[in-house]
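Read through the structure below, which is laid out as structure tokens, and then see the notes.
Residue numbers (this note's numbering), protein chains in the order written: chain A, 1 to 442; chain B, 1001 to 1442; chain C, 2001 to 2442; chain D, 3001 to 3442.
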């Protein structure tokens, strides 16, 4: 079986140590088996007359190996959480710690505080010695017990200096594409320095927009929380004459939260996402459709992803030179624009705007996300202990696999406007297939 | 037993019709009894050496009377919901309808749409004929099936013209102090016109600030929802270095939601309410305490009622002549002020601000509010059927009583800074008893 | 002001020590005040022509005193939780610890394990040294971190020996009527032994059946959880032809949970409680009404308190001499009896029975119970520090007061079938006022 | 592309009618596309050196076709829900109705009551004419508005007679393997009779045990609800000395709910499922491990699937001839057995047993299940309108596909004890890989 080199996982060396986890190598004895490095799944599974499936786009399955690379008694493991909050961070931390401690008997586990800052001497942030007691109940809390921050992942040399001082041989990086780029660079630089450092990422993006990865932890919980905001907007909209409820959700480059929320809570009439441009004015613009809807049904609910309609803001930006941060906010922009529009047409409307952002980000993981995090964390440990590096634990085609970091960060995953997902959203909302006035959208 | 005339309930006339509800008049037969008009509770129940309890501040008990005023077969009842949303509106509507229909056999029940507007011809809003089918499940939804709006309660003559055209003899007004003033004026004007119109109010204020009334429906649910926002702010605050979480809740004149929320969710460090002034600057101002807290504990949570700190905004208003609407928002004002303050002191902080307003207002009632609404609604019907008017169903000293509207609207209920409630809040938060720099606060 | 001696609170002696809590003694300075021992509320507040209010049934207000009895530096405080689980136990523990620690600077706080057993040497259960860290998040968990057990409260001498060995001067007993009787006996025996031991109880009964006490913590949460079971039973009932959903809730002697649950979730058709007897057979028995309901509406929901219908079980017991425990279960008894009855009448029914018991008891307190527990706990500490003993912190007429234990345990509080509460339940369910075949119920 | 005939979908005939849904046929124009019948996914996607992927085990993609078989103006569609309740039934009904009505303009939609009984004349159950108003809010309620019942799917001739009388050309069967066998037989018999009847199933099994199907709707919600029961059991277990909490969940043949629940709520110590035998007695039986756990940790939580340990019950059955139904209940069996065991060893334990069954089954779908149901329902309609029959809408490899009913019902899906899922459960609970005393389990 030939594997495309793009999907090859880097190894620190040959794994020669017997794993302390006792499993079976025999299929059919009803005892759980080790996973070997030659077990794969196909990456692209759709086929039609017009194309042929690539037999070498295969992904390595995650799981405990029979032979591991690191001697558990000598492992110093670090865990870091980066970027904005996302439901499930504590679950992943907990799972990593529990698996290291109880499965591999690794007891020197260090929590690095406030993201990559915690590895930069200037911030003077002492690491936490993590024990199982410390993490046993943390999955019931949102946020991250380690703290988090954005940025600093590019200061690779200083970070590696710290890693060497701390004598870490495993680093778990729970973070988004920016942080994983940092993780990739750290992994590469470690190899250059001759360090035996396993860098294993657990991808974290509340927007669910990492390339190739089917779903990231916390996304489902985020949708559950967004649903509550939409339900509130719907109640408010219905309670007023010409009531408009509007909710802004996360989604800088990809509208997955918005799309899934609209499918889960069918009270949404218009979903606006970054991938699908729309006009406000004109015969086929949002205003026209909204006015018609208010005439027919007396209320409407709009769900907008934060990255939607940036062309509107840019245009506005051009006329007003002092482009301040507020103008970049599509939520308040639409709130003002829609209110003004109907006022100018002397149609009395009541617009209630909800921005649930932090209430979504800080939520504890729901049960399905909890179990997903549990599995991500334990499989991240298996990968690290077997000497894999520069890779992510990912869910692809509903299987947990190893993915080179490079594959996940080389571009963003977006909603394909021609995909079944967007089709189902259009069906659920009943919104027009396009809301632009011409075939070419600027 | 002499009753203070301030607490006397107006009657449309002598109730002479046998109630269709069959209860007992015998105490001790284990069968539920009618309530008579000479059953009271004391209003002021606290006593000490220094004062004597007033024996005539007594309140009439709510409940079904043996004799009623209206012939059920001839009743046309209207229901109206006014003002901002509040959890439990649908529960009260449902309970009124169910009691009219099943207990009194009254089947001409009219829902008036969008508050008092629904009684003004210019808006041309047809009433809804309400049936039990229509309301049987509405308590599971937030909002109000009738719709609501603010204002118009002062157009008494036009409203009474509509009431006469509709031939209403009972009007249930579910609304806050403004709407209840309207209800009072409608009741008085009806008497002047010689109409036999019973106007019975169910007090609605999410702020829980109606005079004398122990608690209003929806308040408890509002606190439950506010707790979620505070929990989110706490998670965000802890996840950042010098993280500050801030939540704004309802409370224009009274900080009850803020106070109860802080007691329910002990993660709040500073509660700012309209009744207790505070300074930002100075040795005893918020900044000083906040900085100290960040130094000691690295994070802080602030809970601010929307009416708090208006002196700050006013002062700001004076220096900046173009007082725009945004300046009136203490939440965004504090967000900017605190951020600027720490920036100017070169202390890096991360402030996350949550304004959960509509998510609180639109929530469905929790079980305890549901059962409270159930009881308010059915007792409002008993009062109306027995010919009471110009009164509210209220919970005082944990008993449902009849209260003249005038008593509830003549002033706002506020948190007494010397009360056990505020004392317990100070104990729960650990915040300073005062956060002003001098004994006299401007 | 003369106080009825039944309501006099015992004091260990004159409180002479200045409280470390700094409050005001001046009314009108906008600063929170101390509470003095001559501030009371009336106990009985209902009045009518036929009776006169007793001016000496007055209850001492709870709150911090200016002078306290114990020197905080010398206090050893113990906390004990007894009996079945109830939502809010951890909240009360937390509040007691926080108030002792931060308000009074008392830092020797001992958690006694598994109820009174923890004070009996034979069980060899070491006490826990409680710190604020240990309790800061426990209110988010149901249950009790101390553990609990039933019984052993009558072994007063051994318990007092342990208390002397531990040198406790304050004992907080969080428990029901059995445990509070133990607390009373311990307090009395301590006085006989000449010990300066303050015994302060926080009444705990999920059934809300303690004499005179308006409501106990956890009750409201219990109702919220019971509502979920009733909702489930309703869904199941509606999904089947002649579907019957039945839920059993706590309530050995008093049907408060059942009554409040039925008011909160109006899908209940029959509420069966210990205070109101009912027949199964006969023209006015449950079977007749149930059959009629199934004929008309095709489904029904029954809510039964565990102590209801004991006459049925006893009778059954008589015919079957070997009365085993299962016969005492009204839930399974009714399940079998109803199923057999309709089978014998060849009416096909589907009965789904839900017993949510432990899911109710183990729930964490909801926000309103949390804040109630917060206030109970801190006021229990104020009482103990000021040298009160043999008393409970109670909520009566919506005010927190001191109540002699004796008053609360001398009889059970029950639902008066002639009360407004039961009247409102009958109205909400539409069930017959009586379901017996004759005026005299055996 | 050659498709294995086992996975070929039956068609009623050539689809020649232009779909009223306007989509694109052009890839790359950013407009949602029709799905053609030659778009597939691979069924088996795992590969290794030792095996080769089968290129003809391919599954037809679901979605709207450009040409449909039925003329929408002539369609009479029936919907039926069968078997036990499962979260999401109403969501699926709602989605089918909305898609038929708004997308295809089909307005004769009939709800068949109480499962297949509704198609048998002897039960005399009138069908419901379903409108969109009727279903717009039903997804917020658990259960099924159509009612359900078990069985009767084998009375194919009578059912088809009814279908002919009703002139149905589409029948949606929402049900489990028994009901889908019925659906298969109806589809086949219809073809024999020369009827143009499309039978499209939506697989429903709360146990998630249908062959080949990745997940069925409601399963995730079921896990979420089971988690609550486990949390309660854990709280109760911890509150007692040697406390044992035990929860029984659904899972007759497959332990998926138990396994996922244990992964989601890490407080479970022993998961007992039908697929993995266990002993109670002996050096490696449950008692031994449980006793050790109580000694070390003082409490334990057991989660048992209803189909687990049937060998224990059978053996018991043999010795006691009067095998009544109760003996088949592994929950109460274990409750008694464990209690007796420890009593006999004079170890005091407290076992609290929770059977949340109907509270799980009757729950409304959580957001992720809601959106899944939304998609299942609309794609079921697309399949039916294009003339597919004898098939199910299924989620396989995270893609919605058409699956011949035969494939789903020919055997049960079970947990492979050698699978990553079971491995992760063992890691999460820390329970022994096997709990039998010998390699061969009777």
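No residue lacks a Cβ here, since even glycine has one placed at the ideal position from N, Cα and C.
Asked                                                                                                                                                                          : Found
Helix, strand or coil: which one does DSSP assign to residue 2117 of chain C?                                                                                                  : helix
Of all Cβ atoms in chain A, is any one closer than 9 Å to the Cβ of residue 3029 of chain D?                                                                                   : yes
Taking the straight line between their C-alpha atoms, what separation do you get for residue 2141 of chain C and residue 3107 of chain D?                                      : 51 Å
Which runs of the beta strand (DSSP E) fall wholly inside the stretch 2173 to 2234 of chain C and span at least 3 residues, in chain order?                                    : 2198 to 2203
What do you get for residue 1133 of chain B, buried or exposed, if any count of 16 or more other CB atoms within 10 angstroms of its CB means buried?                          : exposed
Would you call the stretch 67 to 87 of chain A and the stretch 415 to 429 of chain A in contact, with 3 or more CB pairs under 8 Å?                                            : no
Exposed or buried, what is residue 26 of chain A when buried is set at 16 or more other beta-carbons lying within 10 Å of its beta-carbon?                                     : exposed
Starting from residue 3243 of chain D, follow the beta strand (DSSP E) in both directions and report where the run begins and ends.                                            : 3243 to 3249
Ignoring anything shorter than 4 residues, give me the alpha helix (DSSP H) runs that lie fully in the stretch 2323 to 2394 of chain C, in order along the chain.              : 2330 to 2344, 2357 to 2361, 2367 to 2385
With respect to the beta strand (DSSP E) encompassing residue 2148 of chain C, which residues constitute its N-terminal and C-terminal limits?                                 : Neither: residue 2148 of chain C is in no beta strand (DSSP E) and is coded neither H nor E.
Look at the alpha carbon of residue 2156 of chain C and the alpha carbon of residue 2406 of chain C, and state the distance between them as a whole number of angstroms.       : 16 Å
Taking Cβ to Cβ, would you say residue 264 of chain A is nearer than 9 Å to residue 301 of chain A?                                                                            : no
Short of 7 Å in beta carbon distance, which residues of its chain neighbour residue 1067 of chain B, apart from the five on each side in sequence? Order them along the chain. : 1015, 1016, 1017, 1018, 1019
Please list the terminal residues of the continuous beta strand (DSSP E) segment that includes residue 48 of chain A.                                                          : 46 to 48
Check whether the Cβ atoms of residue 354 of chain A and residue 232 of chain A lie closer than 9 Å to each other.                                                             : yes
Would you mind reading off the limits of the beta strand (DSSP E) that contains residue 1300 of chain B?                                                                       : 1299 to 1305
Verify whether the separation of the beta carbon atoms of residue 2045 of chain C and residue 1397 of chain B is less than 9 Å.                                                : yes
Check the Cβ-Cβ distances between residue 2140 of chain C and every residue of chain A, and say whether any is below 9 Å.                                                      : yes
Taking Cβ positions only, does residue 1254 of chain B come closer than 9 Å to chain A?                                                                                        : no
Touch check for the stretch 3245 to 3264 of chain D and the stretch 3210 to 3228 of chain D: three-plus C-beta pairs under 8 Å?                                                : yes
Where DSSP assigns a beta bridge to residue 3131 of chain D, which residues make up the other side?                                                                            : DSSP lists no partner for residue 3131 of chain D.
Starting from the Cα of residue 3381 of chain D, find the closest Cα among D:3172, D:3114, D:3110 and give me that residue.                                                    : D:3172
Considering Cα atoms alone, identify which of B:1330, B:1296, B:1294, B:1295 is closest to residue 1310 of chain B.                                                            : B:1330
If you compare alpha carbons, which of D:3086, D:3352, D:3075 is closest to residue 3361 of chain D?                                                                           : D:3086
Taking residue 1026 of chain B as part of the beta strand (DSSP E), name the residues at either end of that continuous run.                                                    : Where residue 1026 of chain B is concerned, there is no enclosing beta strand (DSSP E), given that its DSSP letter is neither H nor E.
Starting from the beta carbon of residue 2444 of chain C, find every residue of chain D whose beta carbon is closer than 8 Å, and list them in chain order.                    : The first residue shown for chain C is 2001 and the last is 2442, placing residue 2444 of chain C beyond what the model contains.
Check each residue of the stretch 1086 to 1098 of chain B: if its Cβ is closer than 7 Å to any Cβ of chain C, include it; give the result in chain order.                      : none
Give me the Cα-Cα distance between residue 342 of chain A and residue 291 of chain A, rounded to the nearest whole angstrom.                                                   : 8 Å
I'd like to check one pair, residue 3073 of chain D with residue 3277 of chain D: are the Cβ atoms closer than 9 Å?                                                            : no
Can you check whether the CB of residue 253 of chain A is closer than 9 Å to the CB of residue 2 of chain A?                                                                   : no
Does the structure place the stretch 2156 to 2169 of chain C close enough to the stretch 2115 to 2127 of chain C that three or more beta carbon pairs sit under 8 Å?           : yes
Shortest alpha-carbon distance to residue 2056 of chain C belongs to which of C:2048, C:2063, C:2043?                                                                          : C:2043
Check whether the stretch 1266 to 1277 of chain B and the stretch 1361 to 1374 of chain B are in contact - that is, three or more C-beta pairs closer than 8 Å.                : no
May I have the straight-line CA-CA distance separating residue 327 of chain A from residue 333 of chain A, to the nearest angstrom?                                            : Because residue 327 of chain A carries a pLDDT of 40, less than 50, the predicted location of this residue cannot be relied on, and the following value inherits that uncertainty. For residue 327 of chain A and residue 333 of chain A, the distance between alpha carbons rounds to 7 Å.
List the residues of chain D whose Cβ lies closer than 8 Å to the Cβ of residue 422 of chain A, in chain order.                                                                : 3032
Need the endpoints of the alpha helix (DSSP H) that residue 3081 of chain D sits in, please.                                                                                   : From DSSP, residue 3081 of chain D is part of no alpha helix (DSSP H) but of the beta strand (DSSP E) over 3077 to 3081.
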